[in-house]
Amino acid sequence: MLLGILADGTLQPLILLAVLTAATYVYNKKAYAGEIKADQLREIPAIAAITEGVGKSVEENKPVHYAMGASGGQLYSQLVSMTLVALAFLNYIAKLCAKYEAQLIVHMPYQAESIPLIEAMVREGYKAEGKQEAFQPSCLRYYGQGALSWTQAVTASYDQEGVGLNLSIGIFYSDCPISLEMAKIKGALNVGGTGRWIMVYAFAMMCDYVFLGQEIYVAGAIISENPLMLAGVWIEDLGKFYSLLLLGVGLIVGLLGVSAAAALFAL
Amino acid sequence: MIIIAITGILMVAAYFIPWAPLQGVKGVMTSWIVVISAATVAMGFVYMTTSQYKLYQKNRSTLQLVYTVTPYVFFAGFLISALAYPGGSNSPEYRWWFTNIYSNVGATIYAIMYFTLASSAYRTFRVSSMEAIALIAGGMIYTLRQIPLFQVYIPWIVPLGEWFLLVPNTGGGRGAVIAAALAALVVGIRTLWGKEVTLEVSG
Chain A
1 MLLGILADGT LQPLILLAVL TAATYVYNKK AYAGEIKADQ LREIPAIAAI
51 TEGVGKSVEE NKPVHYAMGA SGGQLYSQLV SMTLVALAFL NYIAKLCAKY
101 EAQLIVHMPY QAESIPLIEA MVREGYKAEG KQEAFQPSCL RYYGQGALSW
151 TQAVTASYDQ EGVGLNLSIG IFYSDCPISL EMAKIKGALN VGGTGRWIMV
201 YAFAMMCDYV FLGQEIYVAG AIISENPLML AGVWIEDLGK FYSLLLLGVG
251 LIVGLLGVSA AAALFAL
Chain B
268 MIIIAITGIL MVAAYFIPWA PLQGVKGVMT SWIVVISAAT VAMGFVYMTT
318 SQYKLYQKNR STLQLVYTVT PYVFFAGFLI SALAYPGGSN SPEYRWWFTN
368 IYSNVGATIY AIMYFTLASS AYRTFRVSSM EAIALIAGGM IYTLRQIPLF
418 QVYIPWIVPL GEWFLLVPNT GGGRGAVIAA ALAALVVGIR TLWGKEVTLE
468 VSG
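Sequence order for the protein chains is A and B.
Take 1 as the starting number for the first sequence in the numbering used here and just add one per residue.
Take 268 as the starting number for the second sequence in the numbering used here and just add one per residue.
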């Protein structure tokens, strides 16, 4: 009956969705009960490096640059989760800049529809530190459409205004090798990461501290100090165990040559 | 949060259920995306002007004035060539601006990327730790297998390089992709649940 309603090849994704939704319910209850804490997770050196980089920027009297990618403002694609994590980091860096009185420059993505969210996160960060008046709208830089025009503008900003810390988190394509390396050449402490595995190489090569792939989500949960976001890390792990189980069962079924059961995995 | 949750649930349902009304809703929402995206560019233009003006206020040199004015000159050029000639953005005048200016500048910037990759590769491949040695060994074998000289004199380098590409590289990459996809899925479920903290903070 159910198979008649579903589109072809969507049963397995639906089961995974059901498993993770059930896990979300259970772990959210644990989070509300105070059973989930950030100190239960391993330390990620790149998080401490962000604070270090803000301190370096203040000492050198150079601005802190934050970039979430030329197309890092996607609100309606498969990559929207990375946009949300990048916004969490933006809120965090805005708080740090407000706290240590560092100048913040935000290189906004070309998806202009994300601008209200970006501005809200920065304002909220300054407000959390009680320094709303320190927020300057001109710190939010918009460069129009196109990854390569964005890259030109960002690197020009590094050159003209200097760069103490360059924090780059979010959706990156071919825009990141130039911007990261130019920041490095201009003397920045480079910290960054992306969930797009195909571009992780650039961050691994060019950053002093890197968040590898999924680590941006974990780090986002840690810096938020929010129990629901921290619970997400446990839910992700449960999803990994489920994927491993599927791999193991699929391998055994495949080796035994059970075609009907193997076909179930293709559903 | 309620609007986001309802919209998200409808889109998820449209993915799983091939029911015509749901697909229709999905189509309408996709059209809205295009409209919203186009309408908000004007907002971006205001932000761009604000920051450009502030930069000029800070540094009132002739060079800064040139930096400030140049984007608007080209913006006007593109806009006029698209509006003033028949065919709009398909007119020969607009195509000239696009092909001879935008595409060439883009290609130049893209080419610069390879210089940045070379300088960062030098730093990355410096032998400074066991991890760096493993990286350089794998990288060299993978790269040298494509050079005919090495294919002739060290033929075993070809299958070894292929093995690096197809086994450790693909295996590690798949693990990372699955982990990132699961994390994205968890964020998605949290958003549908109305509990995404980032969206709560931004109001």
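Glycine included, every Cβ here is placed at the ideal spot set by N, Cα and C.
A quick note: this is a predicted structure, and the numbers were derived from the prediction, not measured.
Cβ-Cβ distance between residue i and residue j below 8 Å
| i | j | result |
| --- | --- | --- |
| Asp175/A | Thr151/A | yes |
| Gly72/A | Pro109/A | yes |
| Gly213/A | Met82/A | no |
| Phe431/B | Ile408/B | yes |
| Ile284/B | Ile5/A | yes |
| Glu215/A | Gly232/A | no |
| Leu20/A | Val453/B | yes |
| Tyr142/A | Gly311/B | yes |
Residues of its chain near residue i, where Cβ-Cβ distance is below 6 Å and the 5 sequence neighbours each way are ignored
| i | result |
| --- | --- |
| Ala46/A | Val191, Tyr209, Phe211 |
| Met268/B | Gly461 |
| Lys99/A | Glu129 |
| Ser348/B | Glu360, Tyr361, Trp364 |
| Thr335/B | Gln319, Tyr323 |
| His65/A | Ile105, Val163, Asn166 |
| Glu463/B | Arg457 |
| Thr24/A | Ile235 |
Beta carbon proximity, residue i to chain A, threshold 8 Å
| i | result |
| --- | --- |
| Arg457/B | yes |
| Leu384/B | yes |
| Ile379/B | yes |
| Phe283/B | yes |
| Ala443/B | yes |
| Gly406/B | no |
| Ile303/B | yes |
| Trp364/B | no |
| Met315/B | yes |
| Lys321/B | yes |
| Ser318/B | yes |
| Ala272/B | no |
| Gly440/B | yes |
| Ala401/B | no |
| Ser387/B | yes |
| Gly291/B | no |
CB contact below 8 Å: residue i versus chain B
| i | result |
| --- | --- |
| Met1/A | Only weak support exists for where Met1/A lies, its pLDDT of 49 falling under 50; the value from the coordinates is given anyway. No, its Cβ sits nowhere closer than 8 Å to a Cβ of chain B. |
| Gly232/A | yes |
| Tyr76/A | yes |
| Glu35/A | no |
| Gly195/A | yes |
| Ile178/A | yes |
| Asn166/A | no |
| Gln214/A | yes |
Chain-order list of residues whose beta-carbon lies under 8 Å from that of residue i (same chain, five-residue window excluded)
| i | result |
| --- | --- |
| Glu181/A | Met206 |
| Gln132/A | Arg123, Tyr126 |
| Pro63/A | Ser57, Ala102, Gln103, Leu104, Ile105, Glu161, Gly162, Val163, Gly164 |
| Ala204/A | Val210, Leu212 |
| Gly55/A | Tyr100 |
From the options, residue whose alpha carbon lies closest to that of residue i
| i | options | result |
| --- | --- | --- |
| Ala153/A | Lys95/A, Ile105/A, Val58/A | Ile105/A |
| Thr465/B | Lys184/A, Phe203/A, Tyr217/A | Tyr217/A |
| Leu41/A | Gly220/A, Val54/A, Gly9/A, Glu59/A | Gly220/A |
| Tyr323/B | Ala23/A, Val58/A, Glu60/A, Ser138/A | Ser138/A |
| Glu113/A | Ala280/B, Ala305/B, Thr337/B, Leu384/B | Ala305/B |
| Pro177/A | Tyr158/A, Val200/A, Leu165/A | Val200/A |
| Val295/B | Ser358/B, Met278/B, Val444/B | Met278/B |
| Glu35/A | Leu230/A, Leu246/A, Gly257/A, Leu238/A | Leu230/A |
| Tyr339/B | Tyr352/B, Glu398/B, Met380/B, Val313/B | Val313/B |
| Cys97/A | Leu75/A, Leu84/A, Glu59/A, Leu247/A | Glu59/A |
| Asp237/A | Val372/B, Glu467/B, Ala446/B | Ala446/B |
| Ile222/A | Gly9/A, Ala88/A, Asn28/A | Ala88/A |
| Ile303/B | His107/A, Leu11/A, Gln111/A | Gln111/A |
| Ala67/A | Tyr27/A, Leu84/A, Gly55/A, Leu90/A | Leu90/A |
| Ala22/A | Leu189/A, Leu256/A, Leu255/A, Tyr242/A | Tyr242/A |
Contact set between residue i and chain A, taken where Cβ atoms lie within less than 8 Å
| i | result |
| --- | --- |
| Val464/B | Ala88, Ser224, Asn226, Leu228, Met229 |
| Ile300/B | Tyr76 |
Beta-carbon proximity list for residue i, same chain, < 7 Å, skipping 5 on both sides
| i | result |
| --- | --- |
| Glu147/A | As written in the sequence, residue 147/A is Ala, which differs from the Glu given in the question. Answer for Ala147/A: Ala70, Ser71, Tyr173, Ser174, Asp175, listed in chain order. |
| Ser387/B | none |
| Leu17/A | none |
| Phe135/A | Val122, Arg123, Tyr126 |
| Ala374/B | none |
| Asn28/A | Leu228, Ala231 |
Chain A residues whose Cβ lies nearer than 7 Å to that of residue i
| i | result |
| --- | --- |
| Val308/B | Ala112 |
| Thr391/B | Met205 |
Proximal chain B residues relative to residue i, where beta-carbon distance stays under 9 Å
| i | result |
| --- | --- |
| Glu268/A | For residue 268/A there is no data in the structure shown, the boundaries of chain A being 1 and 267. |
Neighbour list for residue i in chain B, Cβ cutoff strictly below 7 Å
| i | result |
| --- | --- |
| Lys240/A | Ala446, Leu449 |
| Tyr158/A | Within 7 Å Cβ-Cβ: nothing; Tyr158/A doesn't reach chain B, min ~12 Å. |
Residue i CB to nearest heavy atom of the ligand ADP below 7 Å
| i | result |
| --- | --- |
| Tyr323/B | No copy of the ligand ADP occurs in the structure displayed, which carries no ligand at all. |
8 Å Cβ cut-off: residues of chain B touching residue i
| i | result |
| --- | --- |
| Ala270/A | Outside the displayed span of chain A (1 to 267) sits residue 270/A, for which this structure offers no information. |
| Ser243/A | Ile445, Leu449 |
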